[in-house]
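K.L.:
Got a structure here, written out as structure tokens. Questions coming.
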Amino acid sequence: MADKSKLGMEFPLYSIKVEKNKIAEFAAAVAQKEDTDHIKEIYRDVDVARNAGYEDIPIPPTFPTSFAFWTGGGLLGTVNAVGADVSKLLHSEEDYEYFAPICAGDVITRKMKVVDMYERGKKERKGWYVQVTTLETELINQRGELVLKARTTFMEKG
Amino acid sequence: MAVNFDELQIGDAIPAYTAAPITRTHLVRYAGASGDFNPLHHDETFAKAIGMDQVIAHGMFIMGIAGEAITSWIDYKYLRRFSVHFLSMTHPVDLDDFENTKGRATITVSGKVVEKYEENGEKRIRCEIIALDAKGSKKLTGFFVVAIP
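Protein chains in written order, with our numbering: chain A, 1 to 158; chain B, 1001 to 1149.
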């Protein structure tokens, strides 16, 4: 069970460069394309991206989820840090606030903390008791600008 | 983008988007792209060990499909908020029983304009969004906000 003493915990900062090939791979995955030649041009042609007003190839809107998985020990790094059991977790909510576009070449620093932890249901009622954890992540680019805020909520079955 | 703030009305639908039936290969591709290697999404033996019949899609893959629906309509640079609740699990299609299982694995995203307002000097709209499978099961609901140029 997630360790409630972790409420308020701040994770170490991690920085990661946004790679255009990784954007293309993500764009292919969510558009269910077999290869990156068939994704939208904006995700593979920097001129198309610039003509659309971006500094470089932009990310798909849910790409920020990958910053948590490719840094800090990935899924298990995060799950273990809050004392949860990965085999009992279900992702229940995701919320993004976008302040400025993230593009290929940006260096993003991830600032994540545990902002909520509470129990729902009664322990005696099997299947109805869950512990809810919410992580808030601020993404800051190489110019020190806050570009995105994410809130990720998961439930751990009791 | 050809979206015009003044022409949009409350209740207007955003273009519906239907994804291909989700296969296990799609889940593996999404795992590699996102870095989410929770074995629940690709390893049937793990799924069974924790009491589930089979692997399930990443919730974030379904949200990614919803993101594809949004950005097929309006550019990412106008997106200000995108927020969802995950409501049910999605099982991929079984390739040895395609016709009987494709419905549960075929996601359609739809939405409509629910609010028009100004904020931070921008004209913004708030849209509700929902993802359903072809059997009518709700996968996620939520909303997004875009600034209309």
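Glycine included, every Cβ here is placed at the ideal spot set by N, Cα and C.
7 angstroms is my cut-off, CB to CB: does P12 (chain A) come that close to chain B?
P.N.:
In the first sequence, residue 12 (chain A) corresponds to position 12, counting from 1. Chain B, which has no Cβ nearer than 7 angstroms to the Cβ of P12 (chain A), makes this no.
K.L.:
Relative to chain A, which residues along the region 1107-1136 of chain B have a C-beta separation below 7 angstroms, given in chain order?
P.N.:
So nothing in the stretch comes that close.
K.L.:
Opposite A1027 (chain B) in the DSSP bridges: which residues?
P.N.:
Counted from its first residue, the second sequence places residue 1027 (chain B) at position 27. Inspection of the sequence shows that residue 1027 (chain B) is occupied by Leu rather than by Ala. For L1027 (chain B), which the question treats as bridged, DSSP gives no partner whatsoever.
K.L.:
Less than 7 angstroms between CB atoms is the rule here; does D1150 (chain B) satisfy it with respect to chain A?
P.N.:
There is simply no residue 1150 (chain B) to check, as chain B begins at 1001 and stops at 1149 in what is shown.
K.L.:
Kindly examine the ligand ZN and report whether one of its heavy atoms sits closer than 6 angstroms to the Cβ of D116 (chain A).
P.N.:
This structure lacks the ligand ZN, and indeed carries no ligand of any kind.
K.L.:
Looking only at its chain, what residues have a beta carbon closer than 7 angstroms to the beta carbon of K88 (chain A), apart from the 5 residues adjacent to it on each side?
P.N.:
Taking the first residue of the first sequence as 1, we reach residue 88 (chain A) at position 88. Around K88 (chain A): E156, K157.
K.L.:
To the nearest angstrom, how far is the alpha carbon of R1124 (chain B) from that of K123 (chain A)?
P.N.:
In the second sequence, residue 1124 (chain B) corresponds to position 124, counting from 1. In the first sequence, residue 123 (chain A) corresponds to position 123, counting from 1. Each residue's alpha carbon lies about 44 angstroms from the other.
K.L.:
Any C-beta of chain B within less than 9 angstroms: which residues of the region 104-128 of chain A qualify?
P.N.:
From the region 104-128 of chain A, no residue has a Cβ closer than 9 angstroms to chain B.
K.L.:
Would you mind telling me which residues of chain A sit closer than 8 angstroms to I1050 (chain B), beta carbon to beta carbon, in chain order?
P.N.:
Residue mapping note: residue 1050 (chain B) aligns to position 50 of the second sequence, counting from 1. Going along chain A in sequence order, the residues near I1050 (chain B) (Cβ under 8 angstroms) are S87, K88.
K.L.:
By the criterion of Cβ-Cβ separation under 9 angstroms, what are the contact partners of L135 (chain A) in chain B?
P.N.:
Your numbering for residue 135 (chain A) matches position 135 in the first sequence. Neighbours of L135 (chain A) on chain B: none; closest Cβ ~14 angstroms, over 9 angstroms.
K.L.:
Measure from the alpha carbon of L1087 (chain B) to the alpha carbon of each residue in A:K17, A:E93, A:S66, then state which is nearest.
P.N.:
Within the second sequence, the letter at position 87 stands for residue 1087 (chain B). Out of A:K17, A:E93, A:S66, A:E93 has the C-alpha closest to the C-alpha of L1087 (chain B).
K.L.:
By the 10 Å Cβ neighbour count, where 16 or more other Cβ atoms means buried, how is V79 (chain A) classified, buried or exposed?
P.N.:
In the first sequence, the residue the question calls residue 79 (chain A) occupies position 79. Under this definition V79 (chain A) is a buried residue.
K.L.:
Here's a check: name, in chain order, each residue in its chain whose Cβ is nearer than 8 angstroms to the Cβ of M1 (chain A), leaving out the five neighbours to either side.
P.N.:
In the first sequence, the residue the question calls residue 1 (chain A) occupies position 1. These residues qualify, in order along the chain: G83, A84, D85, Q131, E156, G158.
K.L.:
Give every residue of the same chain whose Cβ lies closer than 8 angstroms to the Cβ of M9 (chain A), excluding the five residues on either side of it in the sequence, and list them in chain order.
P.N.:
Looking up residue 9 (chain A) in the first sequence gives position 9. Only A81, V82, K113, V114 meet the Cβ criterion.
K.L.:
To which residues does DSSP link T133 (chain A) through a beta bridge?
P.N.:
Translated into positions along the first sequence, residue 133 (chain A) becomes position 133. Paired residue(s): A:M117, A:F154.
K.L.:
Please identify the residue among A:H91, A:L135, A:I102, A:P64 whose C-alpha is closest to the C-alpha of K4 (chain A).
P.N.:
Here residue 4 (chain A) corresponds to residue number 4 of the first sequence, with the count starting at 1. Among A:H91, A:L135, A:I102, A:P64, the Cα nearest to that of K4 (chain A) belongs to A:L135.
K.L.:
Can you check DSSP and say which residues form a bridge with F1196 (chain B)?
P.N.:
Residue 1196 (chain B) is absent from the model: chain B starts at 1001 and stops at 1149.
K.L.:
Could you tell me whether any Cβ in chain B is nearer than 7 angstroms to the Cβ of E25 (chain A)?
P.N.:
Reading the first sequence from its first residue, position 25 is the one you call residue 25 (chain A). Chain B contact via Cβ: present.
K.L.:
Shorter than 7 angstroms from the beta carbon of Y43 (chain A) to some beta carbon of chain B?
P.N.:
Here residue 43 (chain A) refers to the residue found at position 43 of the first sequence. Cβ-Cβ to chain B under 7 angstroms: no for Y43 (chain A).
K.L.:
Can you give me the C-alpha to C-alpha distance between T1090 (chain B) and F1143 (chain B), rounded to a whole angstrom?
P.N.:
Indexing the second sequence from 1 puts residue 1090 (chain B) at position 90. Indexing the second sequence from 1 puts residue 1143 (chain B) at position 143. Taking the straight line from one Cα to the other gives about 20 angstroms.
K.L.:
Shortest alpha-carbon distance to G1111 (chain B) belongs to which of B:T1101, B:D1053, B:I1010?
P.N.:
Indexing the second sequence from 1 puts residue 1111 (chain B) at position 111. Of B:T1101, B:D1053, B:I1010, the residue nearest in Cα terms is B:I1010.
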